[in-house]
Each structure stands twice: as C-alpha cells, then as structure tokens.
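Have a look at the structure below, then the notes.
There are 2 protein chains.
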Amino acid sequence: MTRQQLTAMIRSTGTYLCVGLDTDPSKIPDHLQSHADPVYEFNRQIIDATKDHCVAYKINTAFYESSGAKGWETMEKTVDYIPSTHFTIADAKRGDIGNTSAHYARAFFETLNFDAVTVAPYMGEDSVRPFLEFTDKWTILLGLTSNPGAKDFELQKMAPSAEPGRPTSEELLYERVLKTAAGWGTPDNLMFVIGATQADSFTAVRRLTPDHFYLVPGVGAQGGSLQEISDKAMNKDVGLLVNASRAVIFASSGEDFAEAATRVAAGYHQEMKTHLG
Amino acid sequence: MTRQQLTAMIRSTGTYLCVGLDTDPSKIPDHLQSHADPVYEFNRQIIDATKDHCVAYKINTAFYESSGAKGWETMEKTVDYIPSTHFTIADAKRGDIGNTSAHYARAFFETLNFDAVTVAPYMGEDSVRPFLEFTDKWTILLGLTSNPGAKDFELQKMAPSAEPGRPTSEELLYERVLKTAAGWGTPDNLMFVIGATQADSFTAVRRLTPDHFYLVPGVGAQGGSLQEISDKAMNKDVGLLVNASRAVIFASSGEDFAEAATRVAAGYHQEMKTHLG
Chain L
2 MTRQQLTAMI
12 RSTGTYLCVG
22 LDTDPSKIPD
32 HLQSHADPVY
42 EFNRQIIDAT
52 KDHCVAYKIN
62 TAFYESSGAK
72 GWETMEKTVD
82 YIPSTHFTIA
92 DAKRGDIGNT
102 SAHYARAFFE
112 TLNFDAVTVA
122 PYMGEDSVRP
132 FLEFTDKWTI
142 LLGLTSNPGA
152 KDFELQKMAP
162 SAEPGRPTSE
172 ELLYERVLKT
182 AAGWGTPDNL
192 MFVIGATQAD
202 SFTAVRRLTP
212 DHFYLVPGVG
222 AQGGSLQEIS
232 DKAMNKDVGL
242 LVNASRAVIF
252 ASSGEDFAEA
262 ATRVAAGYHQ
272 EMKTHLG
Chain E
2 MTRQQLTAMI
12 RSTGTYLCVG
22 LDTDPSKIPD
32 HLQSHADPVY
42 EFNRQIIDAT
52 KDHCVAYKIN
62 TAFYESSGAK
72 GWETMEKTVD
82 YIPSTHFTIA
92 DAKRGDIGNT
102 SAHYARAFFE
112 TLNFDAVTVA
122 PYMGEDSVRP
132 FLEFTDKWTI
142 LLGLTSNPGA
152 KDFELQKMAP
162 SAEPGRPTSE
172 ELLYERVLKT
182 AAGWGTPDNL
192 MFVIGATQAD
202 SFTAVRRLTP
212 DHFYLVPGVG
222 AQGGSLQEIS
232 DKAMNKDVGL
242 LVNASRAVIF
252 ASSGEDFAEA
262 ATRVAAGYHQ
272 EMKTHLG
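For the protein sequence lines, the chains are L and E, in the order given.
Quick note, the numbering used here runs 1 ahead of the 1-based positions in the first sequence.
Quick note, the numbering used here runs 1 ahead of the 1-based positions in the second sequence.
Laid out in structure tokens, this is it:
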C-alpha cells in the first residue's frame, strides 16, 4: 500500500485508527476457551467488530511468541484473516546485523506478508537497510516511544558531532535517530513510532520529519490524548496512524467483548472524523 | 546456570566458545534436504560435532522466523536437543514496553526454556526489567555491536547530563548504556554484547563493567581477533563467551559439514586453552 493509497483510505473512511491485537491469551473471555484456537477466534471476532472503524491492524508479536510455535500459527492465521483493504503492521521491534535483519524482513514481509514491521534503531543503518529494500513495504522505526524508559536514552542529549555530514547542534538521541534515519528511507517507505504520551515533543518531531507517517501508540491504557496528537502532528497527508490495543480489544472481558470493542473503536472513529474536518 | 557455574565449566573444559546456530535454510547441504526437517537435522549434527569444543549455543531467531511457525518448531526442537550441560542463548534482540517485554521474556525463558536472551536497550529500563526479573536466567543487553552501523548511534557522543544521578562527563552512547544498565541488573543476571570488531574499545568497556560477562560476536566471518579480545577483556572469572556462527557451521557446504565444523571449533578450543593459561 502506497502513502497515497493510505491517505486516500483514511480520507474516505474518516478514521486513522489502528487496532492493536495485543491478544494476551490469559485475557480471552471464558466462553471462547472451548475453541480449538481461542486467540484466533477472539481476533477473528475483534476484526469483524472493528474493521469499519479502523484502517490498520497491528499484531504485537510478543503476545504470540509466548505461546511458541502454536502462537506463530495463530499469528499467521490472524494476518490472513485481516481484510486486504486494511494496512497490516507486525509490531516486532526487530533489528540486527545486515544478513540477520534480511531474514527478519523476509519473515514479516514474505512469509507473513505484513505491509509493515517495526524496527529498533540502536544498531544503525545496516540493521535497518534490509527492511527498506523491500518494495511496497514499510519500515516503522522507533523514534520516541511512549514508555517511561524513553527518558533513559531516547530523551538524553547528544553532543554536537565533529564528523563531516553529521549534525552539529546539540539534540536529543531520538532527534538524532529521526534526522539520520530520514536519510536512509523516504516518506514513502519509512514511518516512525512516536508515543502518544510524548505530546510535548510532537511539534518538534513534526518539524524534523514533516512528510513522514507516524505510528502513535499510547492512546488508551497508556493515557495519551488523541486530540492533542491530532492537533499537533497531523500533516497534509494526515500522517498519523493512532493505535489503541487494550482499550479496544479488552473493553469488556465478558461475552460482549466484540460489541464493546465496536463501541470503543466507533468512539475513536467519531472523534477522528472531527479532527479530519 | 549461575556465573560461578559458567566460569567453572569454562575452566574445566578449556573453552569459552559459543557456537551460533544461524542456520540459513538455503545453505543446508543438499544431502540433508530429504529429511523431514533439514534445518533440525543440520543443527543436530552440528551440535553433536561441536559440543566438546564449546560451552554455549546461540540460536539466532531470525533464521527460524523466516520459515514461519515451522521455523519456530525447528527452534523448539533444536533448543531441546542442546545438552543440558551447555548454556543456551536466544539471540532475539527483543525489547518493548513493560507488559510486552514480559511476554517476550516468557517466550524465551519459559516456553522455549533458554538460559539467556539478547535484548535491545533503546527503550530504556522498563523494556529491560521484565527479563531481569526471571531468576536463574540471563539478560544479554546490546552494548557495542560488531556491525558498521555501530557508528551511527552507539559510537556517537552524548552531552554531559544535567539530571541528578546521571553521568556528568561526555561519553559515547554505548558507554551510557553500559553504565546505566549496570545499575538495573548485576553481573549475576546481566551480560553485554560487545562486538569482536570493536577491539579498540575493549579496554574502556572492561573498565566500565569489570565483573560482567560479555557475549562477543564478530569473530570469524566478521573478522574480529580472538587473541586481541582475550588479551584485553578477560577478567578473573573469564567473563567472555566468544561466538562464531558461519565460520563453524558453514565451514564446509558438502557432506563433510559436521567434520569441518568440528575442525574449526576444535581450532578455537585449542587457541582458547592457551588464552586461559
């Protein structure tokens, strides 16, 4: 899916919601436990219940890997079930030396056929490049994350660089990451993860990367504000995929979980329509 | 396995070699292709051929994930096959917000029962903490990696921090990571990845973290020197697990791959004996 197609889909549906399938097996409602694969059945019903209110689904690989190979099968079935109209993200936060990253890229772009995968920047360019080399696929690099630990390194100040071609002003690590990585890809194959809880930084982030899409987690259970993000970070192509996971999929722990998910997703959809004007 | 047990095993066997099972399915010798699971059969023969010359095996998850759920099954069978005498590492480079990292920790420490997992530091303390909370398990945090991209962020200079309790001197990002993360765990549950190609930095690294074990990739195909690493970074408890992957497992692409692996692993073993004195 191209950037133009993604923007067109957001404009036509009136939503930039991404539903996060962080499906913790221990939180599946009891009445689904008799299914052969309760996590898949849960995901299937959540997808049916939310697809009219979102443009993307994000599968958090951790919640599948904790069940081993069986969990990977559930992930494969789930990504297959997502309607082809929707943008699919493997929230995997991978990254390793070049020949290893190439295998991760194949895992998520070929074997599982996701549209996008999240990647960690610590190891630098050759750890990210193999993901960018896939045409019609997206790399979503961690920029400024939503968790408290963002202060440990991401928000620490870098010294001006003395090397030619590197930034000469003081800046934070995540700003260095955004500036540097923006040169590795383009707004047509690279997005950034910017946490919704980091609203103070959204204006600065948008100044650094005016044309990129952001995947924004942290609305809902983590407390970020959809209005503030939208006011500060929307660009001419919308440029935002706002993710909610637990707030949608575990809106109810009872037999009405799917209806409850529809209700919460529809609420985001309604608010997003107003932000889209 | 405790640090004392690991050191004792290294002293008694005379080797601190870790064999990396970066088993690229496209590089398996032809004569194994008739097996139901050629990658598992390859790994099984490699383990038999090298176990007397190493103390650890490192499974690089990327090379299994690129085959999907089937690859995860192969990984499960492989880790089960590794003798219980040997230290097992999932080279997975995971890291995410706390409740997600907790699922990754369960995936590798419980479901797959590895002794250790590699973790990426970018997202800070709460992304690492869930791994450290497992008793009798090891977190191996990326410090200074062996790849060219290390220069993009890891080797960039941080400004002195103005915050109380944070470092006040100029230092490189990876040094900040080592110092900060050393306070999250102890030398009994935390190791660092330090690339063999970064030999210039080994003395500085050892000064910062005198008691920690290092997992050292980059010997062999990437060109790092075993002698230089051992001279500069061995501590009183040895403190080194030196990994070789492709140089051992793909020493021959023919029917003699296992004998060739034995030969290369035995060569490292012999050299390590002399470094252990």
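Quick reminder that beta carbons are idealized off the backbone N, C-alpha and C, glycines included.
Exposure label - E:G224; buried when at least 16 CB within 10 Å: Classification of E:G224: exposed, given that the 10 Å Cβ count is below 16.
Contact check, E:T181 vs L:D153, beta carbons under 8 Å: yes
L:F43, enclosing alpha helix (DSSP H) - first and last residue: 39-51
Partner residues on chain E for L:R95, Cβ-Cβ distance less than 8 Å: A63, K94
Chain-ordered neighbours of L:R107 on chain E, where CB pairs are closer than 8 Å: Those within 8 Å of L:R107 in chain E are S67.
Length of the line joining the Cα atoms of E:A248 and E:G221: 5 Å
8 Å Cβ cutoff, L:K158 in contact with chain E: yes
Reduced DSSP category for E:T119 - H, G, I as helix; E, B as strand; rest coil: strand
Cβ-based contacts, 8 Å cut-off: residues of the stretch 169-198 of chain L near chain E: Against chain E - using a Cβ distance shorter than 8 Å - the residues of the stretch 169-198 of chain L are E171, L174, R177, V178, T181.
Residue-level contact to chain E via CB, L:L242, 8 Å cutoff: no
Bridge partner(s) assigned by DSSP for E:I195: Paired residues: E:L145.
Residues of the stretch 126-149 of chain L whose Cβ lies closer than 9 Å to any Cβ of chain E, in chain order: So the close ones are E126, D127, S128, V129, R130, L143, T146, S147, N148, P149.
Reduced DSSP category for L:D189 - H, G, I as helix; E, B as strand; rest coil: coil
Chain L within 8 Å of E:E42, Cβ atoms only: no
Buried or exposed (CB count within 10 angstroms, at least 16 for buried), L:A37: Label assigned to L:A37: exposed.
Within chain C, the residues that L:T24 reaches when beta carbons sit closer than 8 Å: Going by chain labels, chain C is absent from the structure shown, which instead holds the protein chains L and E.
Through-space distance from E:G184 to L:K158, alpha-carbon basis: 20 Å
Length of the line joining the Cα atoms of L:E74 and L:R95: 19 Å
Cα-Cα separation between E:N100 and E:K52, rounded to whole angstroms: 36 Å
DSSP-derived helix/strand/coil call for E:M159: strand
Endpoints, alpha helix (DSSP H) assigned at E:T24: Segment: none, E:T24 is in no alpha helix (DSSP H) and carries neither H nor E.
Complete runs of the alpha helix (DSSP H) confined to the stretch 197-225 of chain L [at least 4 residues]: 203-209
L:R12, buried or exposed, once every other Cβ within 10 Å from all chains shown has been counted against 16: In summary, L:R12 is exposed, with fewer than 16 beta-carbon neighbours lying within 10 Å of its beta-carbon over all protein chains present.
Which of helix, strand or coil DSSP assigns to E:A259: DSSP, reduced to helix, strand and coil, places E:A259 within a helical segment of the structure shown.
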